[in-house]
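Chemist: Residue numbers (the working numbering): 11 to 182.
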């Protein structure tokens, strides 16, 4: 590779990286640098998604999609919800040089609110094992996780030091 081509390749990489947000995607609605989004279906279920930027860790993206699901469940007075991984993806962004790329995690859950009668013994915690979402490309899984709405909010709000206002501003 000629020095000019090396210089142009390095310049292209710098340009691409400067366009990437250098801080992880915060817990916020979907925007230019990623975030969460949701869609409600006629049967009352929701599709909840989180797309991160290249600076966010996969586990954080998983936590954020679970947190958004719990906030939606709380807004609908559901003490618990069932979550099924509808898709998970670690998108590789080619930076123009062979072997040089950045990774962006994206996850989607399908959630359904659980009847109050089931919440006492079915949904006591807030865990979706990361292994249940990795493939690196997962398009749906038959595993369904029962999650306690308040346990998820308390654990993840504390872990990411989010304020009540941040969660309230995003309630579905």
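Glycine is no exception: its CB is placed at the ideal position from the N, C-alpha and C atoms.
Here the structure is a predicted model, which means the values were calculated and not measured.
For residue 85 and residue 102, what's the separation of their Cα atoms in angstroms?
Modeler: 34 Å
Chemist: Using the beta-carbon count (16 or more within 10 Å), is residue 115 buried or exposed?
Modeler: buried
Chemist: Going by beta-carbon coordinates alone, are residue 126 and residue 89 separated by less than 7 Å?
Modeler: yes
Chemist: Assuming residue 123 contacts residue 54 under a Cβ cut-off of 8 Å, what Cβ separation, rounded to an integer in Å, is found between them?
Modeler: 7 Å
Chemist: In whole angstroms, what is the alpha-carbon distance linking residue 138 and residue 59?
Modeler: 15 Å
Chemist: Closer than 7 Å, CB to CB, is residue 162 near chain B or not?
Modeler: Included in the structure is just one protein chain, with no chain B present.
Chemist: Is it buried or exposed, residue 25, if we count other Cβ atoms within 10 angstroms and call 16 or more buried?
Modeler: Note that residue 25 scores 43 on pLDDT, short of 50, meaning its location in the model is unreliable; the coordinates nonetheless yield the value given after this. Exposed, since its Cβ has fewer than 16 Cβ neighbours within 10 Å.
Chemist: Contact between the segment 172-179 and the segment 93-108: three or more CB pairs below 8 Å?
Modeler: no
Chemist: Under 6 Å: does the beta carbon of residue 45 sit that close to some heavy atom of the ligand NAD?
Modeler: Within the structure as shown, the ligand NAD is missing, as the structure has no ligands at all.
Chemist: Which residues does DSSP list as the beta-bridge partners of residue 94?
Modeler: 120, 154
Chemist: Can you have a look at residue 33 and say buried or exposed, based on whether 16 or more other CB atoms are within 10 angstroms of its CB?
Modeler: exposed
Chemist: I need the DSSP call for residue 141, collapsed to helix, strand or coil.
Modeler: In the three-state reduction of the DSSP assignment, residue 141 falls in the helix class.
Chemist: Just to confirm the assignment, what range does the beta strand (DSSP E) spanning residue 46 have?
Modeler: 45-50
Chemist: Tell me which residue opens and which closes the alpha helix (DSSP H) that residue 76 is part of.
Modeler: Start and end: 68-85.
Chemist: With a Cβ-Cβ cutoff of 7 Å, do residue 91 and residue 157 count as a contact?
Modeler: Between residue 91 and residue 157, the C-beta gap is smaller than 7 Å, which places the two residues in contact.
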